[in-house]
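Residue numbers for the sequence shown follow my numbering, beginning at 3 and rising by one. Using N, Cα and C, we set each Cβ at its ideal position, and we do this for glycine too.
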Amino acid sequence: MTARARPRLTRAVASLLLTSVWAAHVWALSPEAQRRYERGSEMAARHGQYRDALEDFRFVLGEDAAHAPAVVSAAQCHAALGELEPARELYTRALDLGLAPASVFTVRRELGKVGLRQGAFAYAQTQLQTARRLAEDDAEIAALLGDVYQKRGHPTRAIGEYTRALSLDPDVRAAHIGLASAHLEAGDAEDAVRHAQAAIGLDPLDPDAWYVAARALTKTGMRDEARAALASYSAMRAYARDVEAINESLAREPGNLGILQALADRHAQMGAVDAAIAAYERATGVDETRQAAYANIALLWLSRAEPGKAEEALCAASASGAEDATVHGAYGELYSARREWQNAAESYRAALSLEPSMPMAWVGLMRAAAMTGGRAPAEAVLDEWLAADPASSPAWSERGLLHYRDGEHDAAIEAIEGAVALDPANYEAANNLAWVYAETGRDLHRARELVDGVIASAPTPAAYDTLAYIEQQVGNLRAALVAIERATAMDPRNAEYRKRQDDLRRAIGQ
3 MTARARPRLT
13 RAVASLLLTS
23 VWAAHVWALS
33 PEAQRRYERG
43 SEMAARHGQY
53 RDALEDFRFV
63 LGEDAAHAPA
73 VVSAAQCHAA
83 LGELEPAREL
93 YTRALDLGLA
103 PASVFTVRRE
113 LGKVGLRQGA
123 FAYAQTQLQT
133 ARRLAEDDAE
143 IAALLGDVYQ
153 KRGHPTRAIG
163 EYTRALSLDP
173 DVRAAHIGLA
183 SAHLEAGDAE
193 DAVRHAQAAI
203 GLDPLDPDAW
213 YVAARALTKT
223 GMRDEARAAL
233 ASYSAMRAYA
243 RDVEAINESL
253 AREPGNLGIL
263 QALADRHAQM
273 GAVDAAIAAY
283 ERATGVDETR
293 QAAYANIALL
303 WLSRAEPGKA
313 EEALCAASAS
323 GAEDATVHGA
333 YGELYSARRE
343 WQNAAESYRA
353 ALSLEPSMPM
363 AWVGLMRAAA
373 MTGGRAPAEA
383 VLDEWLAADP
393 ASSPAWSERG
403 LLHYRDGEHD
413 AAIEAIEGAV
423 ALDPANYEAA
433 NNLAWVYAET
443 GRDLHRAREL
453 VDGVIASAPT
463 PAAYDTLAYI
473 EQQVGNLRAA
483 LVAIERATAM
493 DPRNAEYRKR
503 QDDLRRAIGQ
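Laid out in structure tokens, this is it:
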């Protein structure tokens with residue numbers, strides 16, 4: 003990987019152009035062709051089933067080869083599947099179908115993107131410059147032209163286009179990455195850091211931004227911060243590769259429920275709530291996964307403090323199958339969010355009657371007991387949990403946290419170490435253990451080892467918060483700031499993270 007910016011190769015949504023492709027006439031399709039067109043649009047837009055959608059669009063084109071929306075939609079599906087030459091051919095064909103100027107602009111822009119992905123930079127430049135003549139003040143076109151000029155070895159022109167893009171829209175992430183890369187190559191590491199950090203703020207899951215940030219921070223001599231950025235780059239790159247591999251598998255087997263679940267779970271693990279919800283929504287189209295998908299969507303909405311949307315998803319989950327432990331547990335979380343503790347406790351108990359080892363239900367039941375009766379009933383629930391499942395890693399982690407709150411640090415460390423030993427993939431326990439080691443000053447080396455492992459495997463805002471605390475403890479304030487900025491970017495609603503970020507910035511003098 004080089005420092006040069008490249009277009010972010012996210013999968014296109016096949017409906018992106020559907021509402022903007024207009025021409026001088028209206029197409030009269032047969033009822034079956036119209037049904038197939040609408041179904042293909044739905045499969046592509048909502049479920050990402052590009053291969054199946056493509057078959058529907060081909061059916062439409064078999065009836066009317068000049069149906070411009072179907073031509074463009076088929077091109078989008080090919081592009082989303084990485085089939086760039088067919089995409090390019092169809093986009094080019096669409097230009098001869100009497101499109102309105104706004105649609106010509108859109109198709110020219112997409113052709114420019116395809117050209118960039120193919121390495122046909124002169125072709126991409128021609129398409130994008132043609133698009134610009136139709137929309138002079140489009141920020142995305144400016145950023146894409148910046149990519150073209152950088153790829154063609156014209157850094158000054160690239161910087162001019164990226165700067166123009168940001169003057170039109172300061173939130174164009176690709177322009178920030180492009181400027182960071184260009185400034186880095188020009189030897190201006192400080193400006194490179196500034197733009198890389200701006201890109202991270204806009205999309206903290208983008209590996210390119212973290213990579214450029216790590217290189218720029220190294221050039222400025224901020225080696226601790228660079229090491230933290232490099233760790234984030236490694237985690238984000240692994241995430242991007244996992245998602246790409248899972249999507250490739252889904253393209254081959256669009257009906258594979260296990261692969262679809264893996265995609266949603268991977269997004270959720272990274273805190274990419276919108277992407278996770280979109281993936282679970284795809285699963286709602288399949289009978290076997292509909293109920294679980296709606297329950298998981300509800301939990302994600304709750305993580306966004308959206309109880310109304312969560313309740314809608316849970317109603318759909320309840321209507322989608324028989325009694326289910328996850329649905330009961332999710333209702334418990336909804337009632338907890340509303341502070342309806344009795345209802346929450348009843349829902350958690352219902353979940354445990356179906357799945358006696360469910361950690362979410364046990365933790366929720368402890369919380370409900372604490373809110374209604376205090377420490378003693380909560381601890382009684384924990385005792386009940388450990389009696390029912392003595393090898394439960396989450397239960398031992400909770401036991402350790404109770405010891406920690408009581409100031410019994412040795413007992414806390416012993417219990418949480420036991421939790422990590424029982425399940426090395428219990429990253430929440432590992433992060434809790436790292437925090438205890440750091441805050442008590444017992445073993446900062448062990449704390450750092452633990453949190454590095456969490457970030458490498460399942461980075462979360464809490465893990466970056468712990469990393470920030472550890473760096474602050476050893477006096478690396480700039481590295482601490484990089485870490486807490488990462489936590490804040492992942493969870494911008496967390497007031498504690500924002501306060502710690504502001505405190506660190508003041509301490510550094512920013």
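Ordered along the chain, which non-local residues of its own chain (more than five positions away) have a Cβ less than 7 Å from that of residue i?
{"i": "A460", "result": "Q271, Y429"}
{"i": "A237", "result": "I457, A458, P461"}
{"i": "V484", "result": "E227, A230, A231"}
{"i": "A482", "result": "A470, E473, Q474, L506"}
{"i": "A201", "result": "R175, H178, I179, A182, D208, A211"}
{"i": "M373", "result": "W343"}
{"i": "T328", "result": "A294, A297"}
{"i": "R534", "result": "The displayed coordinates of the chain run from 3 to 512. Any statement about residue 534 would go beyond what the structure contains."}
Can you give me the Cβ contacts of residue i inside the same chain, cut-off strictly under 6 Å, excluding the 5 residues immediately before and after it?
{"i": "Y471", "result": "A440"}
{"i": "K311", "result": "W303"}
{"i": "L265", "result": "I248, A281"}
{"i": "A371", "result": "P379, A380, V383"}
{"i": "Q263", "result": "none"}
{"i": "R502", "result": "I486"}
{"i": "M362", "result": "G331"}
{"i": "H197", "result": "H178, L181, A182"}
Quick one: what's got a C-beta closer than 8 Å to residue i's C-beta in the same chain, skipping five residues either side?
{"i": "D493", "result": "G273, P463, Y499"}
{"i": "D66", "result": "W29, L31, A35, A72"}
{"i": "N496", "result": "P463, A489, T490"}
{"i": "A25", "result": "At A25 the pLDDT is 46, less than 50, meaning the model places this residue with poor confidence and gives no usable figure here."}
{"i": "P309", "result": "W303, L336, A339, R340"}
{"i": "D244", "result": "R268"}
Taking C-alpha atoms, which residue in the options lies nearest to residue i?
{"i": "E112", "options": "E138, S75, L99, G100", "result": "S75"}
{"i": "S477", "options": "I510, G455, A497, P426", "result": "It is worth fixing the name first, because residue 477 is Gly in this sequence and not Ser. If we check each option's Cα against that of G477, I510 comes out closest."}
{"i": "E313", "options": "G323, A324, E325, H330", "result": "H330"}
{"i": "A188", "options": "Q129, A211, Q152", "result": "Q152"}
{"i": "A315", "options": "Q131, A247, A280", "result": "A280"}
{"i": "M360", "options": "M373, A339, E342, A393", "result": "A393"}
{"i": "G121", "options": "R196, S105, D149, L97", "result": "D149"}
{"i": "R401", "options": "D425, R134, V365, A427", "result": "V365"}
{"i": "R480", "options": "R225, E192, E91, L130", "result": "R225"}
{"i": "S105", "options": "A137, L86, A82, A81", "result": "A137"}
{"i": "H411", "options": "R341, V275, T442, D454", "result": "T442"}
{"i": "G332", "options": "P157, R340, Y350", "result": "The amino acid at residue 332 is misidentified as Gly; the sequence shows Ala. For A332, the nearest C-alpha among the options comes from Y350."}
{"i": "R377", "options": "A352, S399, L404, Q199", "result": "L404"}
{"i": "P33", "options": "E44, D276, V62, D54", "result": "V62"}
{"i": "L83", "options": "E250, L130, R369", "result": "E250"}
{"i": "C79", "options": "D504, M45, R135", "result": "M45"}
{"i": "D289", "options": "L168, L259, A194", "result": "L259"}
Of all the CB atoms in chain D, is at least one closer than 8 Å to the CB of residue i?
{"i": "D205", "result": "Protein chain content of the structure displayed is limited to a single chain, and chain D is not contained in it."}
Residue i and residue j look like a contact to me (Cβ under 8 Å); what is the Cβ gap, rounded to whole Å?
{"i": "D208", "j": "R175", "result": "7 Å"}
{"i": "L118", "j": "A126", "result": "5 Å"}
{"i": "Y52", "j": "A253", "result": "7 Å"}
{"i": "A145", "j": "Y164", "result": "6 Å"}
{"i": "A89", "j": "V116", "result": "6 Å"}
{"i": "L424", "j": "S395", "result": "4 Å"}
{"i": "A431", "j": "A421", "result": "4 Å"}
{"i": "D171", "j": "L204", "result": "That belief does not hold up - the Cβ atoms of D171 and L204 are roughly 11 Å apart, past 8 Å."}
Could you give the uninterrupted runs of the alpha helix (DSSP H) lying entirely in the region 96-120, keeping only those of 4 residues or more? With a minimum length of 4 residues, the continuous alpha helix (DSSP H) runs that stay inside the region 96-120 are 103-120.
Between the region 439-450 and the region 225-232, do three or more beta carbon pairs fall short of 8 Å? No, because fewer than three Cβ pairs between the region 439-450 and the region 225-232 fall closer than 8 Å, the two stretches do not touch.
Counting pairs of Cβ atoms below 8 Å between the region 57-77 and the region 39-46, do you hit three or more? Short answer: they touch.
Tell me whether the region 409-416 and the region 377-389 touch, counting them as touching only if at least three CB pairs, one residue from each stretch, are closer than 8 Å. Three or more beta-carbon pairs separated by less than 8 Å are not found between the region 409-416 and the region 377-389, which leaves the two stretches without contact.
Scan the region 401-458 and note each continuous beta strand (DSSP E) run of 3 residues or more that stays entirely inside, going in chain order. For secondary structure counted as the beta strand (DSSP E) over 3 or more consecutive residues, the region 401-458 holds no complete run.
Should the region 292-299 be called in touch with the region 320-330, which here means at least 3 C-beta pairs below 8 Å? Flag = yes, the region 292-299 and the region 320-330 touch.
Which runs of the alpha helix (DSSP H) fall wholly inside the region 238-308 and span at least 4 residues, in chain order? DSSP assignment within the region 238-308 yields the following whole alpha helix (DSSP H) runs of 4 residues or more, N-terminal first: 259-271, 275-285, 289-305.
Where in the region 348-382 do unbroken runs of the alpha helix (DSSP H), each at least 4 residues long, occur, reported from the N-terminal end onward? List check, alpha helix (DSSP H) in window: 361-375.
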